[in-house]
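Just so we're aligned, residue 6 is where the sequence shown starts under my numbering, counting upward by one.
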Amino acid sequence: LLNCTKEEYQESLDNFRLSGDYLDLVVDQQLLAWFNQRGHQARQIALTAVPQKAAHISAGWVMMNFGKWIRSFNFIPSCRKNELLPEYDLTKADYLKWAGNIDILVEDSPQNIREAQALGIRGLLLKKPWNKSNLTLKDALSEINGMIEKDK
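Rendered as structure tokens:
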């Protein structure tokens, strides 16, 4: 689709992350509104896949925009050529299993959702061009609201 190799795509993405422009990404206002209204009603964590060399930038963006509610930023290193790292968690499911006490995973990867569900964690697969989900962010937030109400 992009007419480039996976390595070329990753290099381009990494260059964008490291350029400083990444910190200027605009926050989804619908998501920010939800956090302002309901973010205090459940503990939030960030779990993402990003290369180690850019994790601090991703963490900075999350904390700058959502640090009022998200107090824990976690990442699974996206493998890069010639990068050797300790292997604590290889997948998001590895992290979720280690962390325990996770109720829901909001994600755009069908594989990560399947692995979370195998651990007994409810998964919400957000609609993206690379998956077949029809779940919009609005729908996902509505489902989370229902879970919060049910737990009261």
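Note that CB positions come from ideal geometry on N, CA and C, so glycine has one too.
Would you please state the rounded distance, in angstroms, between the beta carbons of residue i and residue j? I believe it to be under 8 Å.
i, j, result
"residue 88", "residue 57", "7 Å"
"residue 49", "residue 74", "5 Å"
"residue 40", "residue 78", "Rounded, the Cβ-Cβ distance is 15 Å, inconsistent with contact."
"residue 86", "residue 13", "Wrong, their Cβ atoms sit about 11 Å apart, outside the cutoff."
"residue 83", "residue 54", "5 Å"
What is the rounded straight-line gap between the Cα of residue i and the Cα of residue j?
i, j, result
"residue 148", "residue 127", "11 Å"
"residue 138", "residue 108", "20 Å"
"residue 141", "residue 8", "28 Å"
"residue 33", "residue 143", "11 Å"
"residue 155", "residue 46", "12 Å"
"residue 159", "residue 96", "With the chain running from 6 to 157 in the structure shown, residue 159 is simply not present."
May I ask you to report which of helix, strand or coil DSSP gives residue i?
i, result
"residue 31", "coil"
"residue 146", "helix"
"residue 82", "strand"
"residue 90", "coil"
"residue 72", "coil"
"residue 126", "coil"
"residue 17", "helix"
"residue 62", "helix"
Please work out which residues of its chain come closer than 7 Å, Cβ to Cβ, to residue i, disregarding the five sequence neighbours upstream and downstream, and give them in chain order.
i, result
"residue 111", "129, 131 and 145"
"residue 115", "130 and 136"
"residue 94", "81, 100 and 103"
"residue 157", "none"
"residue 64", "78"
"residue 153", "43, 46 and 47"
Please name the residue, chosen from the options, that lies closest to residue i on a Cα-to-Cα basis.
i, options, result
"residue 99", "68, 41, 138 and 121", "121"
"residue 31", "43, 60 and 69", "69"
"residue 60", "37, 118 and 20", "20"
"residue 134", "152, 113 and 124", "113"
"residue 150", "18, 44 and 124", "44"
"residue 106", "38, 125, 90 and 29", "125"
Output needed for residue i: all residues of its chain with C-beta closer than 6 Å, excluding positions within five of it in sequence on either side, in chain order.
i, result
"residue 5", "Limits of the chain in this structure are 6 at one end and 157 at the other, which puts residue 5 out of reach."
"residue 117", "97"
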